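Chemist:
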C-alpha cells in the first residue's frame, strides 16, 4: 500500500514541480545559447549599447534568482502540499484511506525528499549549462583529486561530513512537516501557527549550536594549549570532530522527535476544523 501511496503522492506533487524545473533548465539553455551567439557575457557587458548591457545584467540577475530559488520553492511547496492534502478539506478524503498515519506520512516525506534530490541535480545541470567549459572541467578535476586526497587523510572528519550531508534533507523535511502538524493543533490561524512552530524549532537549533560552540570552544582552546605545550601537533579535526559528532547526535534525535511527533498528532490529535 505504501508503494501506491507514494505513486499517488508523486504524481500529485509533480504536477506543478515538474514543469517548473523543466522551465529552469530551458531558461538556462536559452540563456547559454544567447551568451554564446553574442560573444559571451564579457562582450555583452562591455558593449557600447547601454540597452544591451542593461538587459544582459538583468538576464544574469534573473538567472541567479531563478536557479537559487528553485530549491526554496520546492521546499515551501512540499509543505503547502502536505498541509493542503492532510489538514484542509482534502484531509477528509485523505484520512479516510485504508492506510496508517505512518504510511501516509512516509509517502509524503519520501516524495518531498526525492524532489529535494532532483533540485540538486537540476541546479547542478543548470550551472553546468551556463558556465561549463573545458577549463572548468580541468579545474574541477584538480579540485576533486585534492578533495579525495584530503579525505583519505582525514577519514573520521570526512565520514562525519558525509553523514551530515545525508541527514540534512531528512532533517529539513522532518522539521517542515512537524511544524505543520503542530500548527494543526491551533484552533485558528493554523498556517501562522505552523510558521511560528518552524521558527521555534529553528531557534532551538541555534541555541544548541551556540551552546555547542561555547562548550567545545572552551575545551578546544585548552586542548590547543596542551598540544602546543607538549607535542606541538594539533589538527583542526581535534576541534571540529566533537562538534560534528554532538551535532549529528542532536540532529538524529530531532529527526526522531519530528517523526514521532508528526505521527502522534496525525493519529491522536488530528484536527480538520
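Numbering (my numbering), first residue to last: 43 to 315. Glycine included, every Cβ here is placed at the ideal spot set by N, Cα and C. This structure is a prediction, so every number in the text was calculated from the model and none was measured.
1) If you drop the 5 nearest sequence neighbours on each side, which residues of the same chain put their C-beta closer than 7 Å to that of residue 284?
2) Could you tell me whether the region 157-171 touches the region 99-115, where touching means 3 or more Cβ pairs closer than 8 Å?
3) With residue 214 as the anchor, note down where its alpha helix (DSSP H) starts and where it stops.
4) If you drop the 5 nearest sequence neighbours on each side, which residues of the same chain put their C-beta closer than 7 Å to that of residue 145?
5) How would you call residue 211, buried or exposed, if buried means at least 16 neighbouring beta carbons within 10 angstroms?
6) Flag this pair as touching only if the region 56-73 and the region 166-177 have three or more C-beta atom pairs under 8 Å; answer yes or no.
7) Taking contact to mean at least 3 C-beta pairs separated by less than 8 Å, is the region 236-243 in contact with the region 210-224?
8) Tell me whether residue 231 sits in a helix, a strand or coil according to DSSP, three-state version.
9) Using only the alpha-carbon positions, how far apart do residue 101 and residue 77 sit?
10) From residue 196 to residue 256, what does the alpha carbon distance come to, in whole angstroms?
11) Considering just the uninterrupted stretch of the alpha helix (DSSP H) at residue 53, what are its terminal residues?
12) Return the first residue and the last residue of the alpha helix (DSSP H) that residue 156 is part of.
13) Our contact map puts residue 307 next to residue 226 with C-beta atoms below 8 Å; I'd like the distance itself, whole angstroms only.
14) Between which two residues does the alpha helix (DSSP H) containing residue 135 stretch?
15) Between 128, 209, 129, which lies nearest to residue 289 when the distance is taken from Cα to Cα?
16) Does residue 310 come out as helix, strand or coil in the three-state DSSP assignment?
17) When we look at the beta-carbon of residue 304 and count the other beta-carbons within 10 Å, is it buried (16 or more) or exposed?
18) Mark residue 245 as exposed unless 16 or more other C-beta atoms lie within 10 angstroms of its C-beta, in which case mark it buried.
19) Pull up the distance between the alpha-carbon of residue 130 and that of residue 214, whole angstroms please.
20) Helix, strand or coil for residue 298, going by three-state DSSP, please let me know.
21) To the nearest angstrom, how far is it from the Cα of residue 271 to the Cα of residue 207?
22) Do you know whose CA, among 122, 51, 60, 137, lies nearest residue 310's CA?
Modeler: Reading off the structure:
1) In the chain shown, counting from the first residue as 1, residue 284 sits at position 242. For residue 284, where only same-chain residues beyond five positions count, the Cβ hits under 7 Å are 258.
2) yes
3) Counted from its first residue, the chain shown places residue 214 at position 172. Its alpha helix (DSSP H) spans residues 197-225.
4) The sequence position of residue 145 within the chain shown is 103, counting from 1. Result list for residue 145: 43, 44, 47, in chain order.
5) In the chain shown, counting from the first residue as 1, residue 211 sits at position 169. With 16 or more Cβ atoms within 10 Å of its Cβ, residue 211 is classed as buried.
6) yes
7) yes
8) Against the chain shown, residue 231 aligns to sequence position 189. Coil.
9) In the chain shown, the residue the question calls residue 101 occupies position 59. In the chain shown, the residue the question calls residue 77 occupies position 35. Roughly 10 Å separates the two Cα atoms.
10) Here residue 196 corresponds to residue number 154 of the chain shown, with the count starting at 1. Here residue 256 corresponds to residue number 214 of the chain shown, with the count starting at 1. Distance between the alpha carbons of residue 196 and residue 256 is about 24 Å.
11) Walking along the chain shown from the start, residue 53 turns up at place 11. Taken as a continuous stretch (DSSP letters only), the alpha helix (DSSP H) holding residue 53 covers 44-79.
12) Sequence index remark: in the chain shown, residue 156 carries index 114 (1-based). Run containing residue 156: 143-173, per the alpha helix (DSSP H) assignment.
13) Here residue 307 corresponds to residue number 265 of the chain shown, with the count starting at 1. Here residue 226 corresponds to residue number 184 of the chain shown, with the count starting at 1. So it is a contact: roughly 7 Å between Cβ atoms.
14) Numbered from its first residue, the chain shown carries residue 135 at position 93. Start and end: 132-136.
15) As a working note, residue 289 is residue 247 in the chain shown. The candidate whose alpha carbon is nearest that of residue 289 is 209.
16) Translated into the one-based positions of the chain shown, residue 310 becomes position 268. Residue state, collapsed to three classes: helix.
17) Looking up residue 304 in the chain shown gives position 262. Counting Cβ neighbours within 10 Å, residue 304 comes out buried, since at least 16 surround it.
18) As a position in the chain shown, residue 245 is number 203, starting the count at 1. The residue is exposed, with fewer than 16 neighbouring Cβ atoms inside 10 Å.
19) As a working note, residue 130 is residue 88 in the chain shown. As a working note, residue 214 is residue 172 in the chain shown. Approximately 23 Å, taken between the alpha carbons.
20) The sequence position of residue 298 within the chain shown is 256, counting from 1. It is helical.
21) Indexing the chain shown from 1 puts residue 271 at position 229. Indexing the chain shown from 1 puts residue 207 at position 165. For residue 271, the predicted model reports a pLDDT of 43, less than 50, meaning its position is unreliable; a value from the coordinates is still stated below. The straight-line gap from Cα to Cα measures roughly 36 Å.
22) What you label residue 310 is simply residue 268 of the chain shown in a count that begins at 1. The option with the nearest alpha carbon to residue 310 is 137.
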